[in-house]
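Take the sequence shown: its letter number 23 is residue 27 in the working numbering, and every next letter is one higher.
Virtual Cβ for every residue (Gly too), placed ideally from N, Cα, C.
Since the model is a prediction, treat every value here as computed from it, not as a measurement.
What follows is a short report on a single structure.
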Amino acid sequence: MLNERRLEAVRLRLDGHTVVAVARQTGLSAPTVSAAWKAFREGGWEAVPVRQRGRKAGQTKALGEREQHILWRLLAEWPASPLPGWSSQALTEALADETGSEVSPRAIEHWLEGQDLKPTPLALAGLERRRSTAGRWVRQQVQPVRERVAKAGGAFWEGGVRVARPPQGTSPCYQLYLHGKRGTLYTRVLTAPPQADDYLALFERLLDQAEGPVALLFHGAWFQASPEIRRWLEQNPQMHLVTVPADALAR
5 MLNERRLEAV RLRLDGHTVV AVARQTGLSA PTVSAAWKAF REGGWEAVPV
55 RQRGRKAGQT KALGEREQHI LWRLLAEWPA SPLPGWSSQA LTEALADETG
105 SEVSPRAIEH WLEGQDLKPT PLALAGLERR RSTAGRWVRQ QVQPVRERVA
155 KAGGAFWEGG VRVARPPQGT SPCYQLYLHG KRGTLYTRVL TAPPQADDYL
205 ALFERLLDQA EGPVALLFHG AWFQASPEIR RWLEQNPQMH LVTVPADALA
255 R
């Protein structure tokens, strides 16, 4: 099934469709569409299907050293647009492209959790009814933006930046992350604290894949100190950024 969709992706690209449009039509991630197109250009139709190497598809139960090394390398890069970060599904497909073996998105999610790379969404449900600092913040800062963007047919995202501490002596890293519909996680990993360009790349990717305005509730950074980000937000009013104060969710 994956190979059939890869072949269809190439046919659509030959018809002039963009990577974004092809990804939507085939259900493949943008990185897989790009990989299929590159394979076709370099080796023709025979190079498009993924060949099996080693274990048969579906039989990989654990991630070996090679697979983990590939995952860390992928996470250190931005995926092909329109993805705002790496999802477990996109990592699964990219891993299959490189190794010829398939693992399930659930296996990827277990691995992310084991590497301290699976933050949970903020617990906002019901906060607006509380008589507390958090409740007041949700009522005054979050709900009006969320309702305004929803009326305009836009999307609501949660995200943030945090220090991740993988086990087994791996150095701590910085994680940019987003939670979309139904809590789907999208992530990118950096070895140093994110700079303004890193945040702006994340914001631009959110707008690129959006069909309307975007509301982003962001935790872990205070953007008022960055003139570049303030200027970008002024130039892109379709992005509604709400930063989470450090003490807003304190009990």
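Rounded to whole angstroms, the separation of the alpha carbons of Pro241 and Val24 is 23 angstroms. Within the model, the alpha-carbon separation for Pro170 versus Ile74 is close to 16 angstroms. Going by DSSP, Gly163 is part of the beta strand (DSSP E) stretching over Ala159 to Ala168.
Counting other Cβ atoms within 10 Å of its Cβ, Asp101 reaches 16 or more and is therefore classed as buried. Assignment of Arg192 by DSSP, reduced to helix, strand and coil, places it in the strand class. By the C-beta criterion, the segment 85–92 is judged to be in contact with the segment 33–40, since at least 3 inter-stretch pairs fall below 8 angstroms. By the CB criterion at 8 angstroms, Gly163 and Tyr181 fall inside the cutoff. For Ala219, the enclosing beta strand (DSSP E) begins and ends at Val218 to His223.
Cβ contact annotation for Gly224 (same chain, cutoff 6 angstroms, sequence separation greater than five): Gly164, Val165 and Arg166, in chain order.
DSSP places Gln147 within a helical segment (H, G or I) once states are collapsed to three. Here DSSP, grouped into helix, strand and coil, assigns Trp90 to strand.
Per the coordinates, the alpha-carbon of Trp115 lies some 14 angstroms from the alpha-carbon of Ala94. The Cβ atoms of Glu132 and Arg143 sit closer than 8 angstroms to each other. With contacts defined as CB atoms closer than 8 angstroms, Trp41 and Arg17 qualify as a contacting pair.
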